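A short worksheet on the structure shown next.
Protein chains: 2
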Amino acid sequence: MPVNLLAPVAAQLLPVAGISLGIAEAGIKRADRKDLLVIKLDEGATVAGVFTTNRFCAAPVIVARKHLAAGKGIRALVINTGNANAGTGEQGLSAARSTCEALAKLLGCAPEQVLPYSTGVIMEPLPVDKIIAGMPQAIANLKADNWFDAAQAIMTTDIVAKAVSRQVQINGKTVTVTGMSKGSGMIHPNMATMLGYIATDAAIATPLLQQIVSEAANRSFNCITVDGDTSTNDALMLIASGKSGVTIDAANCAALQAVVTEVATALAQAIVRDGEGATKFITIQIEGGRDEAECKKIGYAIAHSPLVKTAFFASDPNLGRILAAIGYAGVSDLNVETLKLYLDDVLVAEKGGRAASYQEADGQRVMQQSDITICVVLNRGAVNATLWTCDFSYDYVKINASYRS
Amino acid sequence: MPVNLLAPVAAQLLPVAGISLGIAEAGIKRADRKDLLVIKLDEGATVAGVFTTNRFCAAPVIVARKHLAAGKGIRALVINTGNANAGTGEQGLSAARSTCEALAKLLGCAPEQVLPYSTGVIMEPLPVDKIIAGMPQAIANLKADNWFDAAQAIMTTDIVAKAVSRQVQINGKTVTVTGMSKGSGMIHPNMATMLGYIATDAAIATPLLQQIVSEAANRSFNCITVDGDTSTNDALMLIASGKSGVTIDAANCAALQAVVTEVATALAQAIVRDGEGATKFITIQIEGGRDEAECKKIGYAIAHSPLVKTAFFASDPNLGRILAAIGYAGVSDLNVETLKLYLDDVLVAEKGGRAASYQEADGQRVMQQSDITICVVLNRGAVNATLWTCDFSYDYVKINASYRS
């Protein structure tokens with residue numbers, strides 16, 4: 003079960019003027035399941051995003067990048083679950099293009115004004131006919147206050163839907179930011195197996211929008227990991243409708259950046275809390291490093307260690323496994339004599355070994371919690387980094403050994 | 003259960019003249035268990051080895067490196083299970099030194115002529131008194147044909163003992179090579195959580211011996227992974243007693259190198275076959291790469307992917323997960339259009355997607371096997387690399403969630 007994560011409350015998800023969402027049951031992988039989402043944008047909206055760095059990136063990622071680059075103004079996004087359209091070669095590209103063409107025809111825009119997204123099983127042909135057949139149902143369902151259903155429609159192995167809204171006052175007016183995400187396994191930085199869509203009613207020119215979404219991704223989705231696998235399909239999109247009448251520029255950008263990053267962080271953390279088989283939510287703080295790269299190296303070595311993750315699952319303070327992970331992280335001049343390891347407020351290790359004050363009972367107490375912070379103080383610089391991950395349980399194996407069946 | 007791995011037959015393990023082994027039940031972690039091994043070398047033996055690159059390397063690793071560097075001629079090795087003496091700071095170093103001093107006194111040599119090794123739980127104080135108390139029993143047990151019991155004495159979570167012998171004719175005489183290893187979890191290149199001891203009755207000067215053991219390690223223990231965790235205690239030692247009367251030099255080195263590498267590879271593969279919770283033994287061949295580094299990057303991305311490993315556990319040909327791992331391995335200019343993916347003899351993917359000839363039934367057939375080869379043909383160079391790993395099962399989680407209890 004998700005770790006301290008509640009489903010969003012529909013009434014708390016604020017519509018974003020100029021953006022409507024419509025869902026359908028297209029029967030892509032199985033019947034009676036919301037599996038198709040259309041997001042329609044009023045004219046004048048700007049869109050920017052960041053995508054997976056996987057060399058086997060999926061066909062929709064290739065097409066979405068190309069359509070964004072065409073610069074004709076995006077009018078719709080179409081997202082299907084049940085099939086990732088990845089590892090599908092030329093046939094997959096053709097399927098993604100057909101999807102855009104069909105939706106463009108129905109909405110009366112150009113195919114280059116539609117962005118496609120797919121998530122689900124890899125290397126199976128996309129059932130493009132079912133997607134096209136489901137589009138009229140999704141279009142008929144289009145409405146502004148549909149974020150709750152939309153967040154449900156993009157779920158795959160997620161147990162809980164992920165969506166959040168925030169508001170901020172800028173230039174004396176209220177700006178709304180609402181976002182949703184999906185993802186549970188194949189979660190890794192750069193980026194998680196995730197799709198994320200955040201919309202605001204501020205007006206933001208595309209170059210600044212790109213800067214805001216990149217920064218938000220670096221502070222949120224690029225700081226989480228469940229299993230170290232980087233998906234072929236990841237995308238985080240930021241949409242600005244401009245309907246609030248507030249224009250964002252260099253002078254007032256910080257306020258909007260903060261709230262977008264906050265929404266992205268909440269959505270990213272929700273993915274970890276709903277990590278496949280997760281029973282613990284683990285925050286990893288690396289402090290006092292020389293640069294961000296070495297902090298993240300050490301953080302990810304801890305976060306990816308199956309031995310560390312299974313110890314957390316067992317609530318077993320077998321904390322030497324954390325030291326071992328720090329030691330093999332690849333920071334070749336690391337002095338293990340000067341670093342300190344804390345589990346929440348408990349000093350576990352210093353001077354190359356167990357702290358004299360450390361009591362097994364203290365470690366045990368913290369390990370029983372469902373939210374735990376590992377803090378490593380490197381004492382060799384002034385840079386910090388924070389990552390989020392989860393433990394590794396029987397259920398992770400169970401979910402991933404039976405995903406296709 | 004170990005994958006297609008039989009326990010060694012005691013009668014097939016050949017003694018190496020000049021080397022005797024003695025075991026004891028020292029009660030280090032629990033009673034009634036072989037947990038202490040002394041290997042005694044006749045005067046004139048040479049010893050070389052490779053050790054963990056973990057920055058949190060264990061106290062015995064630090065002491066063993068120092069004693070080897072002292073160059074006084076090694077007369078004994080002492081190995082305990084049940085406690086790794088790692089993450090134990092100054093106290094741990096003192097415990098490792100005390101162990102060497104006590105054995106040196108009993109054997110009538112200098113402490114610098116003894117090499118210590120420990121394996122087991124991290125960050126617990128080494129019960130040095132129990133180890134010293136067990137030494138007389140181990141010394142009384144010293145005999146040349148004791149490799150079978152010795153291989154059992156160094157096991158931790160291993161299910162099956164690992165030992166093998168080979169002979170080779172050099173300069174018209176028979177040279178014997180016998181080795182043993184332990185390791186099952188925390189297995190990663192550079193190196194596996196493993197201890198390995200290989201002995202030969204050839205005479206080999208230390209610099210050449212170091213070259214032979216490094217090369218053997220690179221082709222064997224540095225090509226395996228179970229869970230991606232690099233231990234604090236890894237060591238592979240090569241001992242040359244010289245008693246066969248055959249001296250190895252540049253002219254006849256290749257023959258000995260081949261047989262040492264063969265023994266090391268058999269011992270390394272045995273560790274994977276006995277990997278914690280393993281049900282499948284997976285050979286990963288990367289062919290046609292530009293250099294070894296990129297071949298290993300891609301090989302390890304596949305070998306470490308929990309999604310790939312759980313699919314193999316489930317015998318589920320969800321082979322897109324392999325493509326995803328290839329894609330995120332970090333070879334930034336990889337052209338996915340030109341590579342081919344095979345599962346044994348079945349062509350699974352080419353031209354960026356599923357091969358036209360691929361039938362799910364063929365993938366299913368191979369996935370049912372307990373020994374499977376994944377072959378990725380990169381078609382961008384002339385370098386190949388081979389790695390070995392295992393799948394990821396419920397039992398891996400079970401073993402590592404309860405290791406200390």
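First to last, the protein sequences are chains A and B.
For the first sequence, our numbering gives the first residue as 3, with consecutive numbering after it.
For the second sequence, our numbering gives the first residue as 3, with consecutive numbering after it.
From the three backbone atoms N, C-alpha and C, an ideal C-beta is built for every residue, glycine too.
Treat the numbers as computed from the prediction; the structure is a model and nothing was measured.
Which residues DSSP lists as bridging residue i, in chain order
i	result
residue 289 of chain A	A/379
residue 26 of chain B	B/38
residue 58 of chain B	Answer is none; residue 58 of chain B lacks a bridge partner.
residue 49 of chain B	B/241
residue 43 of chain A	A/21
residue 373 of chain A	A/283
residue 183 of chain B	B/164 and B/198
residue 436 of chain B	Since the first and last residues shown for chain B are 3 and 407, residue 436 of chain B lies out of range.
residue 81 of chain B	B/39 and B/119
residue 352 of chain B	B/355
residue 178 of chain B	B/169
residue 345 of chain B	B/348 and B/376
residue 385 of chain A	A/291
residue 145 of chain A	A/23
Own chain partners of residue i with C-beta closer than 6 Å, once the 5 adjacent residues on each side are dropped
i	result
residue 24 of chain A	40, 140, 141, 143 and 144
residue 336 of chain B	none
residue 17 of chain B	146 and 147
residue 407 of chain A	Unreliable positioning characterises residue 407 of chain A in this predicted model, as indicated by a pLDDT of 43, which lies under 50. A coordinate reading is not provided.
residue 2 of chain B	Because residue 2 of chain B is not part of the residues shown, which for chain B are 3 to 407, the question remains open.
residue 380 of chain A	290, 291 and 341
residue 294 of chain A	385 and 387
Whole-number beta carbon distance between residue j and residue i, since they are thought to touch under 8 Å
i	j	result
residue 181 of chain A	residue 160 of chain A	At roughly 15 Å, the Cβ-Cβ gap does not stay under 8 Å, so residue 181 of chain A and residue 160 of chain A are not in contact.
residue 153 of chain B	residue 164 of chain B	6 Å
residue 395 of chain A	residue 315 of chain A	5 Å
residue 299 of chain A	residue 331 of chain A	5 Å
residue 369 of chain B	residue 319 of chain B	5 Å
residue 243 of chain A	residue 21 of chain A	5 Å
residue 134 of chain B	residue 30 of chain B	That pair is no contact at about 11 Å.
residue 150 of chain A	residue 12 of chain A	4 Å
Beta-carbon proximity list for residue i, same chain, < 8 Å, skipping 5 on both sides
i	result
residue 355 of chain B	none
residue 176 of chain A	169, 170 and 246
residue 372 of chain B	5, 6, 281, 282 and 283
residue 27 of chain B	33, 34, 35, 36, 37, 38, 136 and 139
residue 310 of chain A	304, 323, 324 and 327
Own chain, CB closer than 7 Å to residue i, minus 5 neighbours either side, in chain order
i	result
residue 7 of chain A	162, 272, 275 and 276
residue 81 of chain B	39, 119, 156 and 197
residue 305 of chain B	227, 286, 389 and 391
residue 74 of chain A	112, 114 and 115
residue 288 of chain A	297, 300, 301, 378, 380, 386 and 387
8 Å Cβ cut-off: residues of chain C touching residue i
i	result
residue 6 of chain A	Given the protein chain composition of this structure (A and B), no chain C is represented.
- Query: Hey, is the region 252-260 of chain B in contact with the region 172-181 of chain B, meaning 3+ C-beta pairs nearer than 8 Å?
  - Reply: yes
- Query: Any residues in the region 364-397 of chain A with a beta carbon nearer than 7 Å to a beta carbon of chain B? Which ones, in chain order?
  - Reply: 394, 395 and 396
- Message: For the region 106-135 of chain A, list every residue whose C-beta sits within 9 Å of some C-beta in chain B, in sequence order.
- Response: 123, 124, 125, 126 and 127
- Output, in sequence order along the chain, the residues in the region 151-163 of chain A whose CB is closer than 7 Å to any CB in chain B. none
- Query: Would the region 366-376 of chain B and the region 337-353 of chain B be scored as touching if the rule is three or more Cβ pairs under 8 Å?
  - Reply: yes
- Query: Are at least three pairs of beta-carbons, each pair with one atom in the region 81-90 of chain A and one in the region 232-245 of chain A, less than 8 Å apart?
  - Reply: yes
- Task: Determine contact between the region 56-67 of chain B and the region 214-231 of chain B, defined as no fewer than three beta-carbon pairs at a distance below 8 Å.
- Result: no
- Does the region 128-135 of chain B come within contact of the region 148-162 of chain B, defined as at least 3 CB pairs closer than 8 Å? no
- Are the region 205-225 of chain B and the region 33-49 of chain B touching, with three or more C-beta to C-beta distances below 8 Å? yes
- Message: Short of 8 Å Cβ to Cβ, which residues in the region 77-98 of chain A face chain B?
- Response: 86, 88, 89, 90, 91, 92, 93 and 94
- Message: Can you pull out the residues from the region 344-363 of chain A whose beta carbon lies closer than 8 Å to at least one beta carbon of chain B?
- Response: 351, 353, 354, 355 and 356
- Is the region 108-124 of chain A touching the region 321-338 of chain B, taking contact as three or more C-beta pairs under 8 Å? yes
- Taking only beta carbons into account, state which residues of the region 235-246 of chain B come closer than 7 Å to chain A, listed in chain order. none
- Query: Given a limit of 7 Å on CB to CB distance, which residues of the region 202-227 of chain B reach chain A?
  - Reply: none
- Query: Looking at chain B, which residues of the region 20-40 of chain A have a Cβ within less than 8 Å of any of its Cβ atoms?
  - Reply: none
- Task: Check distances from the C-beta atoms of the region 56-74 of chain B to those of chain A and list, in chain order, the residues that come in under 8 Å.
- Result: 56, 57, 58 and 59
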